[in-house]
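Enquirer:
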Amino acid sequence: MNPKISLIMPVYNGEEYLGKCVDSIINQTYGNIQFIIVNDGSTDNTLDLCQNYAKKDKRIVLINKENGGVSSARNEGLALADGDYIGFMDADDYIEPDMIERLTLNAVNNNADVSMCGFFIERADGRFRNKVLAEDIIRYSGVEAINNMLDRYEFHGYIWNKLFSKKVIKGNTCISFCEDIYIYEDLLFCYDCFINSDCVVYDKGQYYHHIIHDKQTSAGYNKKKLTSLKAFEKIIDDVEENKDIDVNRFKTSYMQLVISLLIQNLSNDKDGNKEIHNMLVKELYRYKFHELTDKRIKAASMVAKLSPHLIKMVVEAKRKFDFEGRV
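Here the sequence shown is numbered in the UniProt record's numbering, starting from 1 and rising by one per residue.
#1: Determine the extent of the alpha helix (DSSP H) in which residue 48 is found, giving its start and end residues.
#2: Whole angstroms are fine: how far does the CA of residue 184 sit from the CA of residue 192?
#3: Would residue 37 and residue 50 qualify as a contact pair, given that the criterion is a beta-carbon distance under 7 Å?
#4: Where does residue 74 fall in DSSP's three states?
#5: Can you tell me which of the three DSSP states residue 224 falls into?
#6: In terms of residues, what are the limits of the alpha helix (DSSP H) holding residue 277?
#7: Please say whether residue 245 and residue 123 have beta carbons closer to each other than 7 Å?
#8: Can you tell which of 104, 88 and 201 has its C-alpha closest to the C-alpha of residue 146?
#9: Could you name the residues of the same chain whose beta carbon sits closer than 8 Å to that of residue 149, not counting the 5 residues immediately before and after it, in chain order?
#10: Suppose only complete runs of 4+ residues qualify. What are the alpha helix (DSSP H) ranges in the segment 163–247, listed by chain order?
#11: Could you give the DSSP three-state label for residue 23: helix, strand or coil?
#12: Whole angstroms are fine: how far does the CA of residue 252 sit from the CA of residue 100?
#13: So, at 6 Å on beta carbons, what are the nonlocal neighbours of residue 137 in its own chain, with the 5 sequence-adjacent residues on each side left out?
#14: Just to confirm my understanding: we take residue 310, look at its own chain, exclude 5 residues before and 5 after, and list those with CB closer than 7 Å. What are they?
#15: According to DSSP, is residue 307 part of a helix, a strand, or is it coil?
#16: Going by C-alpha to C-alpha distance, which of 179, 48, 94 and 283 sits closest to residue 25?
#17: Nearest-angstrom Cα distance between residue 357 and residue 280?
#18: With a threshold of 16 other CB atoms inside 10 Å of the CB of residue 240, please say whether the residue is buried or exposed.
#19: Please identify the residue among 159, 197, 1 and 228 whose C-alpha is closest to the C-alpha of residue 182.
#20: Pick helix, strand or coil for residue 1, following the three-state DSSP scheme.
#21: Report yes if the CB atom of residue 6 is closer than 7 Å to the CB atom of residue 86, and no otherwise.
#22: Applying the 10 Å Cβ sphere with the 16-neighbour rule, what's the burial state of residue 313?
#23: In or out: residue 173 buried (at least 16 other Cβ within 10 Å) or exposed?
#24: With residue 99 as the anchor, note down where its alpha helix (DSSP H) starts and where it stops.
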């Protein structure tokens, strides 16, 4: 078998790092690739670079659109994807030369709906933080994958270290990205795919390099980050009655996210945005204490209820030793 793989890569103003990413894809040991680049209204030389690559490699399909955000760009790519499996790239990341070959082989050998691998998290300056895992291959059911997707040292709810079968994405449910959710939209997409999957295969070998830039780790608060709560709310509402899924893990992550957003709001100034602050404080009471599965989050939620400023001081003292995180 030689299944076709569609890779979708949105890019916005990526001229500084685009070359390394594209080169890592077109030089894969696996050749049957449809590489869809979606230029999302870039204002630098990104479009010119993409056009030059498309002229040199006929496997590249270039979409040029007005800026609409990463979910909009991915959805346009999905509309054109005709591969048996579909994957996604971030334009500032890169992959090992045999990543696609490995994931495809694992998918075929296990008749899997989703094929995943481990990854590195790196700073742009070359430093990285990651737990080194044994090169193991694990099979999950879709429900088992959902129960493991929040584990910090497992495969996560990222989309860029996975291949999804076309029959899952474009089946009866026709899965796409929520364009009104700007953070954790990928977690929701993964959940939708997992819940419709019979077999998910996970290769713990690390073949994807995810780059963290300083602007990501130091980014201030903005209201779009609040939409991340909606992603968890949708998942929790969907699995609340499913006894095979540990909904309390998602409730715990929701609470962790609320605390993080509360801290970031306070980081803008002493009191933060009052309206947002009051809304987030109210969210601290959404779930009962016994529903939280992590003792640290339980403790943090108690402190946050008493004094959001105090939990902000504690977390910021720890944060300088830890650069991993999305929000």
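Even glycine gets a Cβ: it sits at the ideal position worked out from N, Cα and C.
Predicted model only: the values in this text are computed from it and were never measured.
Expert: Let me spell this out:
#1: Locating residue 48 in the sequence shown gives position 48, where the first residue counts as 1. 46–56 is the extent of the alpha helix (DSSP H) around residue 48.
#2: As a working mapping, residue 192 is identified with position 192 in the sequence shown. As a working mapping, residue 184 is identified with position 184 in the sequence shown. Computed Cα separation, rounded: 13 Å.
#3: Within the sequence shown, residue 37 is the residue found at index 37, counting from 1. Within the sequence shown, residue 50 is the residue found at index 50, counting from 1. Yes, the Cβ-Cβ distance between residue 37 and residue 50 is below 7 Å.
#4: Taking the sequence shown and counting its residues from 1, one reaches residue 74 at position 74. Correct three-state label for residue 74: helix.
#5: In the sequence shown, counting from the first residue as 1, residue 224 sits at position 224. In the structure shown, residue 224 sits in a helix (DSSP, three-state: H, G or I).
#6: For the purposes of this step, residue 277 is taken as residue 277 along the sequence shown, with counting starting at 1. Element bounds for residue 277: 274–283.
#7: Along the sequence shown, one-based indexing puts residue 123 at 123. Along the sequence shown, one-based indexing puts residue 245 at 245. Not in contact: residue 123 and residue 245 (Cβ atoms no closer than 7 Å).
#8: Your numbering for residue 146 matches position 146 in the sequence shown. Nearest of 104, 88 and 201 to residue 146, Cα basis: 201.
#9: As a first step, residue 149 is located in the sequence shown; it is residue number 149 there, counting from the start. Closer than 8 Å at Cβ, skipping near neighbours: 155, 156, 157, 187, 190, 191 and 194.
#10: 166–169, 185–195, 214–217 and 227–239
#11: One-based indexing of the sequence shown puts residue 23 at position 23. Looking at residue 23 - three-state DSSP - the assignment turns out to be helix.
#12: Residue mapping note: residue 100 aligns to position 100 of the sequence shown, counting from 1. Residue mapping note: residue 252 aligns to position 252 of the sequence shown, counting from 1. Residue 100 and residue 252: Cα-Cα distance of roughly 34 Å.
#13: Stepping through the sequence shown from its first residue, residue 137 is reached at position 137. Excluding residues within five positions, the ones whose Cβ falls inside 6 Å are 203.
#14: For this step, residue 310 is matched to residue 310 along the sequence shown. Cβ within range, chain order: 303.
#15: For this step, residue 307 is matched to residue 307 along the sequence shown. Coil, per DSSP.
#16: Here the question's residue 25 lines up with position 25 in the sequence shown. That would be 94, whose Cα lies nearest to the Cα of residue 25.
#17: The question about residue 357 has no answer, for the chain in this structure spans 1 to 327.
#18: Counting from one through the sequence shown, the residue named residue 240 turns up at place 240. Exposed.
#19: In the sequence shown, residue 182 corresponds to position 182, counting from 1. Nearest C-alpha to residue 182: 228.
#20: Taking the sequence shown and counting its residues from 1, one reaches residue 1 at position 1. It is coil, neither helix nor strand.
#21: The residue you call residue 6 lines up with position 6 of the sequence shown. The residue you call residue 86 lines up with position 86 of the sequence shown. Contact flag set, yes.
#22: Taking the sequence shown and counting its residues from 1, the one referred to as residue 313 is at position 313. Exposed.
#23: The count along the sequence shown starts at 1 and reaches residue 173 at position 173. By the neighbour-count rule (16 or more Cβ atoms within 10 Å), residue 173 is not buried but exposed.
#24: Position 99 of the sequence shown, counting from 1, holds the residue named residue 99. Segment 99–110, the alpha helix (DSSP H) holding residue 99.
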